[in-house]
Amino acid sequence: MELSTLTIHELQRMLREGETTSVAITESVFKRIEAVEDKVHSYITLTEDLAFQQAEQADRNMQSGRGGPLTGIPIALKDIVCTEGTRTTCGSHILENFIPPYDSTVVRKFREAGAVFPGKTNMDEFAMGSSTETSYFGITRNPWDLSKIPGGSSGGSASAVAADECIAAIGSDTGGSIRQPAALCGVVGMKPTYGRVSRYGLIAFASSLDQIGPFSKDVEDCAIMMNAIAGYDPKDSTSVPAEVPDYTRFLSKGIEDWTVGVPKEYFIEGIDPEVLDAVKRAMQVVEDAGAKIIEISLPHSEYCVAVYYVIAPSEASSNLARYDGVRYGFRSREGRDLMEMYKMSRSAGFGDEVKRRIMIGTHSLSSGYYDAYYKKASQVRALLRRDFDEAFRQCDAIIAPVTPTPAFGIGEKMDDPLQMYLCDIFTISCNLAGIPGISVPCGYTKSGLPVGVQFLTGHFEEGKLLQIAAAYERHAEIERRRPEI
Ligand code: GLN
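Here the sequence shown is numbered in this note's numbering, starting from 406 and rising by one per residue.
#1: Out of curiosity, what's the CA-to-CA distance linking Gly560 and Ser552?
#2: In the DSSP assignment, the beta strand (DSSP E) including Glu700 goes from what residue to what residue?
#3: For Val434, which of Thr808, Asp623, Tyr774 and Leu411 has the nearest alpha-carbon?
#4: If we count the other Cβ atoms within 10 Å of its Cβ and call it buried at 16 or more, is Asp484 buried or exposed?
#5: So who's on the other strand from Gly581, going by DSSP bridges?
#6: Mark Val807 as exposed unless 16 or more other C-beta atoms lie within 10 angstroms of its C-beta, in which case mark it buried.
#7: Quick one: is Ser509 buried, meaning 16 or more other Cβ sit within 10 Å of its Cβ, or exposed?
#8: Rounded to whole angstroms, what's the CA-CA distance from Arg584 to Glu570? Just pull it up for me.
#9: Mark Arg919 as exposed unless 16 or more other C-beta atoms lie within 10 angstroms of its C-beta, in which case mark it buried.
#10: If you check the beta carbons only, do Ser603 and Val511 fall under 8 Å apart?
#11: In whole angstroms, give me the CA-to-CA distance for Phe457 and Thr431.
#12: Residues in its own chain within less than 7 Å of Val715 by CB, not counting five upstream and five downstream?
#13: With a CB to CB cut of under 6 Å and the five nearest residues on each side skipped, what residues in its chain are close to Gln824?
#14: DSSP on Gly560, reduced to helix/strand/coil?
#15: Hey, could you find the ends of the alpha helix (DSSP H) Cys627 is sitting in?
#16: Pick helix, strand or coil for Gly766, following the three-state DSSP scheme.
#17: Determine, using beta-carbon pairs with one atom in the segment 519 to 538 and one in the segment 788 to 800, whether at least three such pairs fall under 8 Å.
#18: Alpha carbon to alpha carbon, what distance is there between Leu788 and Arg762?
#19: So Gly591 and Trp549 are supposed to be a Cβ contact under 8 Å. How far apart are they, rounded?
#20: For Asp435, verify whether its CB is less than 7 Å away from any heavy atom of the ligand GLN.
#21: Going by the DSSP bridge assignment, what does Lys384 pair with across the sheet?
#22: What does the alpha-carbon distance come out to for the pair Leu681 and Ser852?
#23: Please work out which residues of its chain come closer than 6 Å, Cβ to Cβ, to Ala463, disregarding the five sequence neighbours upstream and downstream, and give them in chain order.
#24: Do Asp484 and the ligand GLN come close, with the Cβ less than 7 Å from some heavy atom?
#25: On the criterion of 16 or more Cβ atoms from any shown chain inside 10 Å, does Met764 qualify as buried, or is it exposed?
#26: Along the chain, where does the alpha helix (DSSP H) that runs through Gly754 open and close?
#27: Can you round the beta-carbon distance between Ile840 and Thr810 to whole angstroms, since I take them to be within the 8 Å contact cut?
#28: Evaluate contact between the segment 734 to 744 and the segment 701 to 719, counting only Cβ atoms and requiring at least three cross-stretch pairs below 8 Å.
#29: Pull the bridge partners of Ile843 from the DSSP assignment, please.
#30: Would you mind stating whether Ile890 and Lys436 have Cβ atoms separated by less than 8 Å?
#31: In angstroms, rounded to a whole number, what distance separates the CA positions of Val667 and Ser752?
#32: Taking Ile833 and Gly580 to be in contact with their CB atoms under 8 Å, please state how far apart those CB atoms are, rounded to whole angstroms.
#33: May I ask which residues mark the beginning and end of the alpha helix (DSSP H) holding Ile617?
#34: What's the C-alpha gap between Tyr747 and Arg738?
#35: What would DSSP say about Pro678, mapped onto helix, strand or coil?
#36: By the DSSP assignment, the beta strand (DSSP E) with Val665 in it spans what residues?
See below:
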């Protein structure tokens, strides 16, 4: 058994019992990267030297009894979290040479926990996309079928975990960017409650929606990752000083006597029949595990895509104003004065999708349109949030599809932004409401592409979320296949 194929908890046990070393695990991961990275392209930057230094240090710490749950474990980082001394591009030309002078809080926590960093993963430029095709650094391919997209925007993190190019990974989710690629690549991906994980050092896309979360090979690893990253951070004023339980305690609890809601608005026309089948089987499993399934309504669901595509670009247009060619990264040499230098740096530094978002956002926020767009969208957002408050009065958790289709072909939706935006129809509401959500593998299509099922719970109920996800995983006994690359 190759070490790179194992989970955090399996490796942790082996490390504790002296059956392996972090250096051996790291070697196995880099051997795998060497074998498949040319085809998959999960990474923008590989940090092999750093990884081996960290692995050696981890082995020394283990030997002297100073190891923790992540000591010596290779964790890939989406190239949107700042890493001191390692370039952080956000998938963009404009940050091609940006080397942050500081660590994001999650990265600092991983360093302190003794994790190993194999590299920074590929992503849609500034996390805007659902396919990892808008990256300045080239596309990532789905390890299950190299002619398909891995999902996005955290496609590189999802594919790296699926292809065993790391043991677990970090992503960010603004409208589905963890859950959607996790579903399409057959791994577990979780978006925590807004405020649960510090956003300090996360390059901002839409600040009221962005949240960092884990990708892992199973639900237990997801809980271990959450233990490492959750918690209040004085450096992020939107992080919440709520107690962080030990999430692994929830894994074995079971869901007998739970009520699980199925939102009727999520079973729309156009959803792929194989996805629908897989999600229906997942509902049966949840029922077999002892829960009662009821139909619920989230009446404002139909507005979520429209609301998101006003709010997210509005916030993005403001966040991305800082890239002026002066303080960070790329600068055009052609402008004759300051104004021209700004314009030319931004024109050459941003890709088409990012420019589209900046234009939509600037328009929505401009005087004369603000009330009609941004303000209206914010009002409907409050209604969407209320839908969930109502729903969670009737049920403990919600079960739903993650994506309307399995992974689609490379290039298929690149000329049709609306089709691309509709990929997020089942993931966006969770961000707008600020609640946590998880995607768990629930089967394969006939052609062998993975499908995911989504669970949602109320604010700060990550424990319950992991509880139902683990109960589902245990009862479903989905066969664990590996992609042949
Ligand atoms: N696909 C969505 C978008 O393009 C969500 C991206 C994300 O969650 N970062 O905005």
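For glycine and all other residues, C-beta sits at the position ideal for the given N, C-alpha and C.
So, from the listed chains and residues:
#1: On the sequence shown, position 155 is the one that residue 560 refers to. On the sequence shown, position 147 is the one that residue 552 refers to. Distance between the alpha carbons of Gly560 and Ser552 is about 14 Å.
#2: If you number the sequence shown from 1, residue 700 lands on position 295. Lys697 to Ile701 is the span of the beta strand (DSSP E), which, as asked, contains Glu700.
#3: Sequence index remark: in the sequence shown, residue 434 carries index 29 (1-based). With respect to the C-alpha of Val434, the residue from Thr808, Asp623, Tyr774 and Leu411 having the closest C-alpha is Leu411.
#4: Within the sequence shown, the letter at position 79 stands for residue 484. So Asp484 counts as buried.
#5: Position 176 of the sequence shown, counted from the start, is the residue given in the question as residue 581. Beta-bridge pairing links Gly581 to no other residue.
#6: Taking the first residue of the sequence shown as 1, we reach residue 807 at position 402. Counting the other Cβ atoms within 10 Å of the Cβ of Val807 gives 16 or more, which makes it buried.
#7: In the sequence shown, counting from the first residue as 1, residue 509 sits at position 104. Here Ser509 is buried. Its C-beta has 16 or more other C-beta atoms within 10 Å.
#8: Locating residue 584 in the sequence shown gives position 179, counting from the first residue. Locating residue 570 in the sequence shown gives position 165, counting from the first residue. Approximately 19 Å, taken between the alpha carbons.
#9: In the structure as shown, the chain starts at 406 and stops at 890, and residue 919 therefore has no counterpart that could be examined.
#10: The residue given as residue 603 occupies position 198 in the sequence shown. The residue given as residue 511 occupies position 106 in the sequence shown. Yes, the pair counts as a contact, with Cβ atoms nearer than the cut-off.
#11: For this step, residue 457 is matched to residue 52 along the sequence shown. For this step, residue 431 is matched to residue 26 along the sequence shown. Their Cα atoms are separated by approximately 7 Å.
#12: Translated into the one-based positions of the sequence shown, residue 715 becomes position 310. Cβ within range, chain order: Ser769, Tyr778, Tyr779 and Ala782.
#13: The residue labelled residue 824 in the question sits at position 419 within the sequence shown. For Gln824, same chain residues with a beta-carbon under 6 Å away, outside a window of 5 residues either side, are Lys818 in chain order.
#14: Taking the first residue of the sequence shown as 1, we reach residue 560 at position 155. Residue state, collapsed to three classes: helix.
#15: Mapped onto the sequence shown, residue 627 falls at position 222. That run of the alpha helix (DSSP H) goes Val624 to Ile634.
#16: Taking the first residue of the sequence shown as position 1, residue 766 is located at position 361. Helix, per DSSP.
#17: Verdict: no, contact absent.
#18: Here residue 762 is taken as the residue at index 357 of the sequence shown, counted from 1. Here residue 788 is taken as the residue at index 383 of the sequence shown, counted from 1. The alpha-carbon atoms of Arg762 and Leu788 are separated by roughly 24 Å.
#19: Numbered from 1 along the sequence shown, position 186 holds the residue referred to as residue 591. Numbered from 1 along the sequence shown, position 144 holds the residue referred to as residue 549. Rounded, the Cβ-Cβ distance is 7 Å, consistent with contact.
#20: By 1-based counting over the sequence shown, the position of residue 435 is 30. As written in the sequence, residue 435 is Phe, which differs from the Asp given in the question. The ligand GLN has no heavy atom closer than 7 Å to the beta-carbon of Phe435.
#21: Nothing in the structure corresponds to residue 384, since the chain is present only between 406 and 890.
#22: Position 276 of the sequence shown, counted from the first residue, corresponds to residue 681. Position 447 of the sequence shown, counted from the first residue, corresponds to residue 852. C-alpha separation (whole angstroms): 15 Å.
#23: Within the sequence shown, numbered from 1, the residue matching residue 463 stands at position 58. Closer than 6 Å at the Cβ level, and outside the excluded window around Ala463, lie Ser427, Thr476, Gly477 and Gly519.
#24: Translated into the one-based positions of the sequence shown, residue 484 becomes position 79. Every heavy atom of the ligand GLN is 7 Å or more from the Cβ of Asp484, so no.
#25: Locating residue 764 in the sequence shown gives position 359, counting from the first residue. By the neighbour-count rule (16 or more Cβ atoms within 10 Å), Met764 is not buried but exposed.
#26: Position 349 of the sequence shown, counting from 1, holds the residue named residue 754. Per DSSP, Gly754 belongs to the alpha helix (DSSP H) from Leu743 to Gly754.
#27: Here the question's residue 840 lines up with position 435 in the sequence shown. Here the question's residue 810 lines up with position 405 in the sequence shown. That belief does not hold up - the Cβ atoms of Ile840 and Thr810 are roughly 24 Å apart, past 8 Å.
#28: Result no; under three Cβ-Cβ pairs closer than 8 Å.
#29: Here residue 843 refers to the residue found at position 438 when the sequence shown is read from its first residue. Within the DSSP bridge table, the entry for Ile843 names Met595 and Phe860 as partners.
#30: Your numbering for residue 890 matches position 485 in the sequence shown. Your numbering for residue 436 matches position 31 in the sequence shown. Cβ distance not < 8 Å, so Ile890 and Lys436 don't count as in contact.
#31: Translated into the one-based positions of the sequence shown, residue 667 becomes position 262. Translated into the one-based positions of the sequence shown, residue 752 becomes position 347. Distance between the alpha carbons of Val667 and Ser752 is about 45 Å.
#32: Start at 1 with the first residue of the sequence shown, and residue 833 comes out as number 428. Start at 1 with the first residue of the sequence shown, and residue 580 comes out as number 175. The Cβ separation is near 5 Å, so the contact holds.
#33: On the sequence shown, residue 617 is found 212 positions in, with the first residue counted as 1. Segment Gln616 to Ser621 is the beta strand (DSSP E) holding Ile617; no alpha helix (DSSP H) there.
#34: The residue you call residue 747 lines up with position 342 of the sequence shown. The residue you call residue 738 lines up with position 333 of the sequence shown. Rounded to the nearest angstrom, the two C-alpha atoms are 10 Å apart.
#35: Here residue 678 corresponds to residue number 273 of the sequence shown, with the count starting at 1. Three-state DSSP puts Pro678 in a helix.
#36: As a position in the sequence shown, residue 665 is number 260, starting the count at 1. Boundaries of the beta strand (DSSP E) harbouring Val665: Thr664 to Pro668, taken from the DSSP string.
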